[in-house]
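Encoded as structure tokens, the structure appears first; notes follow it.
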Amino acid sequence: MSLDSSNSKQRSINSTSSNNQSNTSNSKKRKSNQKTLGMAWGANSLSGSRPSFRSSPFSDFGSYMAVKNKKLQNQFDAQASNSSRSDSYTKPIFDGVSIFVDGFTIPSSQELRQYMLNYGGRFENYFSRHRVTHIICSNLPDSKIKNLRSFSSGLPVVKPMWILDSVAANKLLSWVPYQLNQLANNQPTLSSFFTPKSKPADEGAFTNPICEVKHETGLLCLKDASKDASFSEAGNSFEWRKQATEEHNKLMCENSNKTLIDEPSNRYSEEPKEVEVLEPTNLQEDDESLANNRHQSCPEQSSASVSSHCFDNRGIRGSPRSSVIGPSKQRHSTLKDPNFVENYFKNSRLHFIGTWRNRYRNRFPSLSNGWTKSTNSDVSAGTQKTPIIHIDMDCFFVSVVIRSHPELNDKPVAVCHSYNPKGTAEISSANYSARDYGIKAGMFVRDAKGLCPQLVILPYNFEAYEEVADKFYNILHKHCNRVQAVSCDEAFLDVTDLEGRDPQLLASAIRKEIYEATGCSASAGIAKNMLMARLATSTAKPNGQCYIHPERVDEYLDPLPLKALPGIGHVLAEKLKNKNVQTCGQLRLISKDSLQKDFGIKTGEMLWNYSRGVDNRLVGMIQESKSVGAEVNWGVRFRDFQHAQHFLLDLCKEVSLRLQGCGVQGRTFTLKIKKRRKDAGEPTKFMGCGDCENLSHSITVSIATDDIEVLQRITKQLFGSFHIDVKDIRGVGLQVSRLESADTSRQAPERNSLKSWLMSASESSKEQFDINSIAKECMGTDSEGKNMDGNSSVLHNASVENSVHGINKPSNGEGCSNQNSSVPPLCDLDMGVVESLPSELLSEINEIYGGKLFELITKRKVRGDNSSRSLCFIPPEPALEVEAETSHNSDPVSLSRPAVEMRDEQPILQELQTVPDSGARSNSVAISTAGLENNDLVPSSLSQLDTSVLQQLPEELRADIFEALPAHRIQETSAMGPKTDNERHPLGIKSAADNQPGSTGTGLSNNLWIGNPPLWVDKFKVSNLPILKFVADMYYKANSPESLSSILQCTLAESLHPLDSTCDAWNEAIHSFNELLMSYVKLKIVVDIEEIYVCFRLLRRLSTKSEFFLEVYNLTFPHLQASVDENYGGTLNIHRHN
Amino acid sequence: MPKSKPMIPFSGGKMERKDNQSPQGEIAGILVEFLEVAITSVVSLKGIYPPGAFERRKYMNVVVQRARHPQLREYIHSAVSGLLPFVQKGLVERVAVIFYNTDNIPIERFVFKLTVNQSFGSHVEESDLKFSLRSFLIKLSISQPLTTVLPRDCRWEITAYFRSLPQASASKDAEIWIPTDTKQWQQPPLITPIKSMNSEPLGLQLYLEHPSPSELLCG
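Structure below.
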């Protein structure tokens, strides 16, 4: 009821006010009424307001608007006639243009309206498809973008800059470059490079016309065509409109790539495949030959076990190898994807210039060196003459491109990688008419357009550049055999030899020829030396030549501003300016000493020389590049670590290709990172690097490389050392220095590295011994007993035979040295040994492997390592075993036992040998010992002793033999310990005991439970302690052997051998078992306290039966309770108090 | 021992089971249902109520006890189902059923320690999980000898230990649980494990805590 009454009130107000208000001011309100039509909006219902309209002069809203628009037009026309009459009598710029401004713009719609008024256009307050020709806006909401057609009715949507630029240019510019960014995104984003390409077939159809349009925007003659083109695009279905623009961007890139691909990059793209496929096969071959060698090195009489073992080894090593190949191949396929780095460099002018040199050198290999030395004598004579011509193409990058557009000859033209006129892309080269406007290289397109709105911007044409550069150099080389290429468009000629010809005539002849051949002009400078010739060229430009007579050098230099001299940049010029020195003439007044004092010896001398026109450089002295690298500082934005990694890999690929292109390999790798400063916002340059901190890390390896995989590994390592948020990275560069020629670096002797040491080992057998011993030390002393004795057990048959027969085959030695001369494949390294090496040695080995080693080690650490490699973590058994034997020797019965044990152990030991990482290496070492040392009367290694023979020897004789062993062999005896189980030499026991603490100290006790069967089973099984062996047996008897409780249950069930408590191994056994228990507690405490509880309950029951378990229980219990308390805040109720 | 925050259910709150599609939601759902049964079994086991207060039911193919008194049933139900969102998020570390004597000193605690794998992504095999949980109920039914005999007039409550206190404002679910200061023993308790299970999606351990003998002397 109350609603109704208010309704009627409102109605009455409405009807009166609508009559009173002026039409124009009320229009907005009316519009909103119109919009809400159909809505149940009780109070303002339209049926109520209708009668009021009927009474007004307008029959409906439509007729009202028509009248309003007409009135607005009239007002506009009146104003226009006022303002435009005053300043223009020609045809107005915006004749026929009618704009509608949508939303907020800069300049504002009122200002735009003013422009329209002044320059003959129309301004529509209300959008109409029939009257409006252009929609002006700076930003569109997403909904309008998505529904562009219904919003714009197919009319061009243009940014307000178009109007300003047109006014500035005083003519109507094509609107195409000003199309709204959201619609035509010319600037490719980083992520678009990474998205996989998928091109619908029909899209090429409309992207091509667009490309054309873009090409000719500068020509201002294709307005209609361009309209059509973009409309055809807009005409496509809207659902994939957005996708289409993306796709279009991509295709644009691709298109440009297709046309712009330069020859080297083409060649590069195929190279990596070859290189990387070849590499593994080589290695494989190496492997095989290695294995073969090893096989050969085995004496023919050697037992079958040795040779078959070698084959075993090879087979095993084959498998990890193939698994390595697998993933790397996969990576190739992902590398084929379009990626940023590749595209970046394909579109980079600097890259073109940088790589051009290699191309040049490949084309004229003999010319770039070879005759430089002979010219020395000419120098003094030459200074009197004018032997140097400097030739430089005039604005090379522009003129090459506009050869095909003669109509652009007089127009300002610039070359830039991006067309976007608002953009912050940098002009890379501008022609002379553009330079007249103040346009310089390095300027943002935006600014350049501001200076010269009619500036035509063209893209690079690398193909054409190459063609012209080639022609250019062909001509130079035809005329003169001493050419020093400075760049693709710039060279010095030494014409001293061409006495008969006037250099000036020669220069003009060359210039003429260049113009005829390439259609581009070149300028030349002729002078007594390179400095002056270069300066002369700068005077001669454009398209001229200049000769500076030696006697007029001073005259020329006197007024020359310092900055014109090469080598004097902003900083130096500024410093000199502060000293009131601005010209060469002024500089010449300063003494060399004071210059050197102020600016350093080199710079001071340079200044002194240059100011006098002295330049002693010789034509042809091409400075060898000291580093090769690639750097990307534009468009670098990373999403996440993976993204960054991917980028790094690509960068490495690029650098590797460049190294290969230059035919060099490098040793020092420097990764530079530009990190956004904390307070720095987005840089002004679109996707630029902005304000950055420059960080760099470098690493030097001992062997020069250009291998992509090595590079990638090193780079990853370097990148890891930055500890940086990848989102802050704005630029990445990888530089390789300490370059060596690829050919020489392969043979370069490197005395100080471990590798060279190993290599040189073959030179003398004495050294060989040392290596063997060292190798043994490495293998043996570092908790490596098992693998070693595994080998020796198999090998000593062979070696003994060797020594018995006195065979001294040269082939043995060869085989050995062969093995030693190459670094074993990474997979053959025993990581346990490697990790326990001193850090210096480790880093050196890492370098030999090009950083692979560290990676592997960290990987292993992360993985927690459950592979068979962890075998080497087992503390060696020697002490245990030897001790056990000594305890047994009093017992005559037990004598037979070790032998039996030994047989039992064989299979396990075989297993150990087949562990790929340690087996191969230690094997080769052992064999080489066998092979080389048989010329000694007394075998210098215990590996050559048949322990079973030794065992049979009388006590005194045995002692003699041990004494006869060289001192450095003693350590071996410890390494051999467990296998030579009957050897009771005190030395062996002692050193084994020495070994023990260190290795158990590092014991990763958790590893005892890794593997199937867990490590401890094998460990206990091979031990000499009956109780441990017994427990190990229980493992196989238990129902669920993965749980200790089940094993203990079994143990409890089986009757126990009473243990001799006086046994020496007693403590050892307790210690081992304690270790086992503690590692089990550690493993289970968090997740399964029940199991721990059951175990210790069982253990308690066992402890009532066995002294051994009682002691173990007592030893372990406090640790257990501490562990429980730590995790559960209580103690385990083993004794059950209730 | 990580510090955790004990909370007890605020009676009167009601919690509706939600359909949760995530693996954690699934796990939590199963777990909460299990806890309800297990806690009822514990209470029944301790004989704190007359035997007539429970009736035999089958759950997971095991004979279990179910409270007949609606208030008791409601208390247990609302307490554990109130935990559901927190269990799902892995916030609940332990759920304890604590028996107090008349002096309000805890005599015995049945502790369920839970670990819901927050990164477990694949589908949970409900039958596997239930099979594992079943063993708890079986073990529980025969674990009376492990427990102490309770004195007369005992009191009991459910306390949940949170890894971090839930923000009361963050969700309405938190409102039915209120922070509490449960009396603690002075000495570390004796722990008697009853059952442990550890699967990829869920780790659950049930153990008893009794005051250490020295505690009793002090007390």
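Keeping their order, the protein sequence lines are chains A and B. For the first sequence, full-length UniProt numbering assigns the number 1 to the initial residue and increments by one for each residue that follows. For the second sequence, full-length UniProt numbering assigns the number 1 to the initial residue and increments by one for each residue that follows. Beta carbons: idealized from backbone N, C-alpha and C, even for Gly.
Query                                                                                                                                                                                     : Result
Among the residues of its own chain, which have a CB less than 6 angstroms from the CB of A/Asp994, if the five just before and after it don't count?                                     : Low confidence applies to A/Asp994: its pLDDT is 37, below 50, so where it sits in the model is not reliable enough to give any reading.
At 8 angstroms on the CB atoms, spell out the chain A contacts of B/Leu190, in chain order.                                                                                               : Gly1130, Thr1131, Leu1132, Asn1133, His1137
Quick one: give me the first and last residue of the alpha helix (DSSP H) that A/Leu1028 is part of.                                                                                      : 1026 to 1037
Could one say the Cβ of residue 1140 of chain A lies closer than 7 angstroms to chain B's Cβ atoms, at least one of them?                                                                 : Residue coverage of chain A in this structure runs from 1 to 1138, which leaves residue 1140 of chain A outside it and unanswerable.
Name the chain A residues whose beta carbon is nearer than 7 angstroms to that of B/Pro193?                                                                                               : Ile1089, Glu1090, Tyr1093
Quick check on A/Arg677: does DSSP put it in helix, strand or coil?                                                                                                                       : coil
Just how far apart, CA to CA, sit A/Ser1023 and A/Ala1065?                                                                                                                                : 10 angstroms
State the start and end residues of the unbroken alpha helix (DSSP H) segment that holds B/Pro70.                                                                                         : 70 to 89
Terminal residues of the continuous beta strand (DSSP E) containing A/Asn694?                                                                                                             : 692 to 705
Looking only at its chain, what residues have a beta carbon closer than 8 angstroms to the beta carbon of A/Ala680, apart from the 5 residues adjacent to it on each side?                : Gly690, Asp691, Cys692
So which residues on chain A does B/Val209 lean against when the C-beta distance must stay under 7 angstroms?                                                                             : It should be noted that the sequence gives Glu, not Val, for residue 209 of chain B. Near B/Glu209 (Cβ distances below 7 angstroms), the residues of chain A are Gly1130.
If you run the structure through DSSP and keep just helix, strand and coil, what is A/Lys91?                                                                                              : coil
According to DSSP, is B/Asn104 part of a helix, a strand, or is it coil?                                                                                                                  : coil
Can you tell me which of A/His643, A/Asp60, A/Met161 puts its alpha carbon nearest to the alpha carbon of A/Val101?                                                                       : A/Met161
Residues in the same chain with beta-carbon distance under 7 angstroms from A/Asn139, minus the five sequence neighbours each way, listed in chain order, please.                         : Gly103
Going by CA-CA distance only, name the one from B/Ser199, B/Ser119, B/Leu206, B/Val97 that's closest to B/Pro106.                                                                         : B/Val97
Would DSSP call residue 1139 of chain A helix, strand or coil?                                                                                                                            : With chain A represented from 1 up to 1138, any question about residue 1139 of chain A goes unanswered, as that position is not in the structure.
Is A/Gly661 near A/Arg738, with beta carbons less than 7 angstroms apart?                                                                                                                 : no
Below 7 angstroms CB to CB, which residues in the same chain sit around A/Ile93 once its five sequence neighbours on both sides are set aside?                                            : Tyr119, Gly120, Ser166, Val167, Asn170, Lys171, Leu172
Which partner residues of B/Pro201 appear in the DSSP bridge assignment?                                                                                                                  : Bridge partners of B/Pro201: none, in fact.
Going along the stretch 118 to 147 of chain B in order, which residues come within less than 7 angstroms of chain A, judged by CB to CB distance?                                         : none
CA-CA distance, A/Leu1098 and A/Leu1110?                                                                                                                                                  : 11 angstroms
The beta strand (DSSP E) that contains A/Ala414, what's its start and end?                                                                                                                : 413 to 415
Alpha carbon to alpha carbon, what distance is there between A/Tyr126 and A/Ala43?                                                                                                        : For A/Ala43, the predicted model reports a pLDDT of 38, less than 50, meaning its position is unreliable; a value from the coordinates is still stated below. Their Cα atoms are separated by approximately 28 angstroms.
Does the beta carbon of B/Asn198 come closer than 7 angstroms to any beta carbon on chain A?                                                                                              : yes
Report yes if the C-beta of A/Met116 is less than 6 angstroms from at least one heavy atom of the ligand PLP; otherwise report no.                                                        : Looking for the ligand PLP in the displayed structure turns up nothing, as the structure carries no ligands at all.
Among A/Ile703, A/Lys577, A/Ile708, which residue has its Cα nearest to the Cα of A/Ser843?                                                                                               : A/Ile703
Just to check my reading of the structure: A/Gly629 and A/Val736 have Cβ atoms closer than 8 angstroms, yes? What is that Cβ distance to the nearest angstrom?                            : 6 angstroms
Whose CA, out of B/Ala38, B/Glu74, B/Ser122, B/Leu114, lies closest to the CA of A/Val1086?                                                                                               : B/Leu114
Is B/Arg73 close to chain A? Criterion is C-beta to C-beta, closer than 7 angstroms.                                                                                                      : no
Measuring CB atoms only, is the stretch 518 to 530 of chain A touching the stretch 586 to 601 of chain A, in the sense that at least three cross pairs come out at less than 8 angstroms? : no
Does any residue of chain D bring its CB to less than 7 angstroms from the CB of B/Gly203?                                                                                                : In the structure shown, chain D cannot be found, because the protein chains are A and B.
Using the C-alpha atoms, what's the distance from A/Lys1021 back to B/Pro193?                                                                                                             : 32 angstroms
Report all residues from its chain with a CB closer than 8 angstroms to the CB of A/Phe638; omit the five preceding and five following residues, and keep chain order.                    : Ala644, Phe647, Val726, Lys727, Ile729
Can you tell me whether B/Glu55 is helix, strand or coil according to DSSP?                                                                                                               : strand
Is it right to say A/Thr537 is buried, meaning 16 or more other beta carbons lie within 10 angstroms of its own, or is it exposed?                                                        : buried
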